[in-house]
Amino acid sequence: MKTQHYAIRAISRLLGLETNKTGHLEKWISGAGGLVGILAVTFISHQFLTVQGAAWVVASMGATAVLLFAVPHGPLSQPWPVLAGHFVSALIGVVCARWIPDLLVASAVAVAAAIISMHYLRCIHPPGGATALSAVIGGANIQALGFQYVFTPVLLNAVIIVIIAVVFNYAFRWRRYPAVLAASGADQVVTRQVEETFSESDLEKALQAMNSTIDISGQDLMQIYRLAQQTKTNANLRPDQLKVGQYYSNGLYGSAWQVRQIIDMAAPMMSANDLLIYKIVAGSDRRKTGTETLDSFTQWAGYEVYLNENSWQRKEYNDAVFASV
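Per this note's numbering, numbering of the sequence shown is gapless, rising by one per residue and ending at 411.
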């Protein structure tokens, strides 16, 4: 059984098979956004093309809708890649359709040139490949538009679907689009704490060092790191686990890290508003004392620690060194 388990995991990794961790609400919201976006794009395309011609254009916008409403914070989904990606791809497609007589060669050159151009313009948007291809093989109705195809319907459709993505996703704080609008004030506070260890620019440089296109940004990685850090530190202690004389850490890093010792508290604590007195023994504001309510202290404390030689270690896991004095 163990061998079979490893074999299944190896095959899954090879195929790129991943479990979708999003909840049911997120899935349905994504579908609703795609519905609204494509209805608008279809209506606009039919104003300029026949049903058959519009189908080619809407096909590439359908792929764009998946990115804008299923992964609105991905780098490939942001406004510049969507607008510039479709624009330059459409332009290249029209040029290839007009000046390369062989349909097979024109199709291949259009897609290849679109990929290269999007790379250099920093606007990689996968549906752009379909936009370039549609200009070549979309039929007489599309080719009759000539360079008008670049602006109407392609660029117009791209603008419309981006506007819809902004408006539709704004109703959901965690989905706000573009990605920069999704960061809350609380996230920014935690970001400043995390950046004591490394910054968003450090993550961007690490991605660049990989020399490969990945649909995730340094900002996304920072958000993942923040959420992981919050998940770890939010597994707070219960009030009955607090004892006079014991030491507790908030589990953060850099200047935000702190160890406090409880020096006085009521026994037993009767209310969340009961006060306790603590002394900061390590980290920022060392040697200072303070007073907090029971509820406030348990929200701050991540876990109990003890001093082992020159290192503060988590009491439950003696081999986990979190910080040095």
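For every residue, glycine included, the Cβ atom is placed at its ideal position computed from N, Cα and C.
About 5 angstroms separates the beta carbons of T238 and F134, which is inside the 8 angstroms limit, making them a contact pair. Rounded to the nearest angstrom, the gap between the Cα atoms of I202 and V174 is 11 angstroms. The three-state secondary structure of S397, taken from DSSP, is strand. Take Y256, set aside five residues on each side of it, and the residues of its chain with a beta-carbon closer than 7 angstroms to its own are R262, in chain order. Our two residues, G388 and R324, have alpha carbons roughly 10 angstroms apart in a direct line. Taking P158 as the centre and dropping the five residues before and after it, the same chain places the C-beta of N255, R261 and Y263 closer than 6 angstroms to its C-beta, in chain order. DSSP links Y364 through a beta bridge to I348 and G376.
The DSSP assignment places complete alpha helix (DSSP H) segments of no fewer than 4 residues inside the segment 125-211 at 137-156, 165-185 and 189-206, in order along the chain.
If you keep only unbroken alpha helix (DSSP H) runs of at least 4 residues inside the segment 236-265, you get 242-256. DSSP lists Y334 as the beta-bridge partner residues of E390. DSSP lists Q344 as the beta-bridge partner residues of G369. Going by DSSP, L219 is part of the alpha helix (DSSP H) stretching over P213 to I223. With a cut-off of 8 angstroms on Cβ pairs, the segment 344-351 is in contact with the segment 363-372, counting three or more such pairs.
Using a 10 angstroms sphere on the CB of P161, the tally of other CB atoms reaches 16 or more, which defines it as buried.
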